[in-house]
Amino acid sequence: MVIDGVFKTLEERFLHPEYDFYCDYAMPFDSPEYPTREEIDAGQPAPTGWMSGLEDGALNNGINLDGVVLGYQVTGDEKYVTRGRRLIDGLLKLCTCGAKGFIARCVWLDGKTHYPYSSIDQYTMAVYGLWKVFDSGIPSSKQKTAIASVLADVADKFYAENGEILADNGRPEKDYTGGGVRGKFPSIERTLEIYKAAHFVTGESRFLDYYYEWIDDGINPSVKELLNNAVFQEDTHPYCFHQTAMALLVLVETEQDESLKTAYQGMLDRIGDICLPYLKYYDACSEAAISMHSKYGWRHHFNSWGQPKTFAEISAMCYAFYYWNPGIFMDYQTMSIPIQAAYMILLSKKDIPEEAQEYIRRIASTLPYELGKVCHSLSMFEGMYYRAKIRGVIL
């Protein structure tokens, strides 16, 4: 079965045996393409870690914990407990290797060396995963204590910095990633997620106080815009919608106010509608597309271009990287995007159109996981698969 193959592939090709977090590309764990401690310390190939193969450890561990928890709930298989505890350990390393409350993208084997720039993407999925797994029966009591501690630190730091992610060197995250947080969709709901998750795992009232400050329209009118669905853009990439949806899921499942809960679920329903057309990206998924030769690793571009100094420069280097590695690009386009779309359609409370159900069944039964070059596709698959089973889309 595809679900069993995905589980095995994630462990054998992406989950680093020493790091305990997922590497981004299907390279041997001893590949010279992975940066050394000295290169990470120097911010190479970029201070964000982009293209290094180690840039999304927090994100991938966090989202895969969703599939691990659901897999354990549906099957009762202890393999999900074993995997889940490894992923938790990996995330705890990423949450404690830098400044208090900082979540790193990766950390080297010394437990300290990491890229200074994180992102709202990493925070969103890491917080989601730790929240999701907390009461699942998977973490040890020691891990639960550590989860409560790190999520409290993250929320306090986020609040103290006025809802802006600072790099571990104190500079604004958006300097290198182009992102922003406070008062700008699609990030406002992720701020709310952080505060609600911290309250859920600690029970400490100050996190609800933080949350309601942001709910207050007088303090942050962007919340009102978000609840009115006024800021959803039809052309927003599924990658962004997926993170927004996972943040909203925390809010839906923890909110006591029925009007807010209904508003949050309404946003999930709308995201599901917007993502229906993206299922058709799977039509282009083929062995020929994903198996296209990858010609150059990051060092080729770094040696040609030098150290990128701005968001524009690092973006240009990334585009060149994907141009010369078309198999990786096609994995993102024809596997990640339809899996993300299916994920979000399944989070909607609306009836799923039959055509969409057929696409979800196709993805669940024919995904060419053995060809996968990018962890992001497979780290999402298990969660999508078990949500489809829970909703009766697949048997």
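Letter by letter, the sequence shown follows residues -16 to 378 in the working numbering.
For every residue, glycine included, the Cβ atom is placed at its ideal position computed from N, Cα and C.
Query	Result
Inter-stretch contact (C-beta, 8 angstroms, three-pair minimum) for the stretch 331 to 344 and the stretch 370 to 378	yes
Continuous alpha helix (DSSP H) assignments of at least 4 residues falling wholly in the stretch 273 to 338	281 to 288, 294 to 306, 309 to 314 and 320 to 330
Residue closest to S269, alpha-carbon to alpha-carbon, out of C80, Y5, I311 and C6	I311
Residue-chain proximity (Q226, chain D), Cβ-Cβ < 9 angstroms	The structure shown has no chain D; it contains just one protein chain.
Sheet register partners of Y386 (DSSP bridge)	Given that the chain is displayed from residue -16 to residue 378, the structure contains no residue 386 and the question cannot be resolved.
Validate contact between the stretch 349 to 360 and the stretch 28 to 44 using beta carbons, cut 8 angstroms, 3 pairs	yes
Rounded separation between A129 and M275 - CA only	43 angstroms
Residue range of the unbroken alpha helix (DSSP H) whose run includes Y368	C358 to I373
Beta-carbon gap between R(-4) and G32 smaller than 9 angstroms	no
Local Cβ density within 10 Å of Q105, reported as buried at 16 or more and exposed below that	buried
Opening and closing residue of the alpha helix (DSSP H) in which W33 lies	Careful: W33 lies outside any alpha helix (DSSP H) and carries neither H nor E.
In DSSP terms, what Y5 is bridged to	L(-2)
For S188, three-class secondary structure by DSSP	helix
Residue nearest to T96 in terms of C-alpha spacing, selected from G249, A325 and N152	N152
Expected contact under 8 angstroms - CB spacing of P321 and L262 to nearest Å	5 angstroms
Cβ-Cβ distance between A272 and M313 below 9 angstroms	yes
Pair within 9 angstroms by beta-carbon distance, G67 and V51	yes
Integer-rounded CB distance, given that L53 should sit under 8 angstroms from R370	7 angstroms
Distance, G36 Cα to G162 Cα	Note that G162 scores 47 on pLDDT, short of 50, meaning its location in the model is unreliable; the coordinates nonetheless yield the value given after this. Distance between the alpha carbons of G162 and G36: 21 angstroms.
Length-filtered (4 minimum) alpha helix (DSSP H) runs lying within the stretch 58 to 140	62 to 79 and 103 to 117
Extent of the continuous alpha helix (DSSP H) to which C258 belongs	E241 to C258
C-alpha distance - L354 paired with P291, whole-angstrom precision	31 angstroms
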